[in-house]
Structures are given as structure tokens and as C-alpha cells.
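Colleague: Quick note: the sequence shown, position 136, residue 136 per full-length UniProt numbering, numbers continuous.
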Amino acid sequence: MDCKKRQKFRAAFNKKFPQAVKPVKVKDSAILWSMLALARLYLATVQTGYIHPDEFHQSVQVMARDILDIDARKPWEFQSENPIRSVTFSVLVSLPYLLLKYLAPVTSYLFEYDLLTPNTLLVAPRLFMTLLSFIAAIACIR
Numbered sequence: 001m002d003c004k005k006r007q008k009f010r011a012a013f014n015k016k017f018p019q020a021v022k023p024v025k026v027k028d029s030a031i032l033w034s035m036l037a038l039a040r041l042y043l044a045t046v047q048t049g050y051i052h053p054d055e056f057h058q059s060v061q062v063m064a065r066d067i068l069d070i071d072a073r074k075p076w077e078f079q080s081e082n083p084i085r086s087v088t089f090s091v092l093v094s095l096p097y098l099l100l101k102y103l104a105p106v107t108s109y110l111f112e113y114d115l116l117t118p119n120t121l122l123v124a125p126r127l128f129m130t131l132l133s134f135i136a137a138i139a140c141i142r
């Protein structure tokens with residue numbers, strides 16, 4: 001359907017059914033967006049597993065090994081002199097590990113709380129990627 005036909009069809013439809021298509025109000029969509037944002041945060045923090053590509057966990061594993069000095073094996077995709085995976089995604093996903101590396105001694109000293117737990121190491125990249133998805137959503141809306 002070309003553009004002129006589409007415009008005529010829409011005009012005829014809107015004349016015939018004036019209440020069928022209502023504009024979305026900001027007030028209504030704010031509640032929906034808030035609920036979806038809470039669901040996204042809930043799934044990022046509480047969910048114990050999900051169907052995932054190996055690249056995500058292997059990237060996190062490599063950078064946790066390099067940044068936090070954790071005893072972990074480097075996957076074969078990153079080992080050869082011509083690796084098949086880029087380090088760019090690994091660096092992006094592991095930015096929270098840099099923050100954890102410098103916050104862990106402070107929280108251990110001040111609050112006697114070990115910040116580098118397995119759960120924290122799993123959830124930190126997820127929360128960071130959720131934050132990036134919020135930024136992308138806001139950028140698309142505006």
C-alpha cells in the first residue's frame with residue numbers, strides 16, 4: 001500500500017470509528033513504564049538463571065579473572081593469538097567489576113561485609129546491562 005492510499009484509508013477509518021484509536025496519555029503510560037521498569041529490575045536481580053549465549057558468561061569470566069584476580073580458566077575463544085571473540089563486549093560488561101574491586105576493601109573495613117560474593121559477581125553485570133537498557137529506552141522515547 002503506497003503512502004497516499006494509506007493516508008486515505010486512515011482518514012476514512014478515523015471518520016468511521018472516531019473513538020477506536022485514542023492517543024496514549026503520558027499519565028497512563030508512566031504507570032505502565034514504571035511497572036515494566038520494576039519487572040526488568042526484578043528479573044535482573046532475583047532470577048537465578050536464564051537462556052543465554054555463552055559469550056555473555058565467558059566474557060564476564062575472562063574479565064573477572066583479569067580484574068578481580070579470581071582463579072578461572074580463560075575460554076579457548078580468548079586464548080589463541082587470533083581469538084574469535086572481541087574483548088570489547090567483555091570490557092563493557094565488566095565495568096561494574098572495577099567498581100566492586102575498589103569498593104570491596106572499603107565495605108569490608110567499614111561495615112565488615114564481603115562485597116565479592118558469587119551472587120554479587122553475577123548480579124552486578126546484569127544490573128549494569130539493565131541500566132544501559134534504561135538509557136537506550138529513554139533515548140528512543142525522546
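Quick reminder that beta carbons are idealized off the backbone N, C-alpha and C, glycines included.
Please classify Val-62 as buried or exposed, where buried requires at least 16 neighbouring CB atoms within 10 angstroms.
Modeller: buried
Colleague: In chain order, what are the residue ranges of uninterrupted alpha helix (DSSP H) at least 4 long that sit wholly in the segment 86 to 134?
Modeller: 88 to 93, 95 to 111
Colleague: Which residues in the same chain have their Cβ closer than 6 Å to the Cβ of Leu-127, if we skip the five residues on either side of it in sequence?
Modeller: Ala-44
Colleague: Per the contact definition of three or more C-beta pairs closer than 8 Å, is the segment 98 to 115 in contact with the segment 72 to 84?
Modeller: no
Colleague: Excluding the five sequence neighbours on either side, which residues of its own chain have a C-beta within less than 8 Å of the C-beta of residue 189, listed in chain order?
Modeller: Summary: the structure shown does not reach residue 189, with the chain confined to residues 1 through 142, and so no result is reported for it.
Colleague: Can you tell me the Cα-Cα spacing of Tyr-119 and Leu-92, whole angstroms?
Modeller: Note that residue 119 corresponds to Asn in the displayed sequence, not to Tyr. If you take the alpha carbons of Asn-119 and Leu-92, they lie about 19 Å apart.
Colleague: So, under 8 Å CB-CB, Lys-74 and Arg-65 are touching, yes? Tell me the CB distance rounded to an integer number of Å.
Modeller: 7 Å
Colleague: So which of Lys-15, Ala-104, Ile-135, Ile-67 has the shortest CA-CA distance to Ser-90?
Modeller: Ile-67
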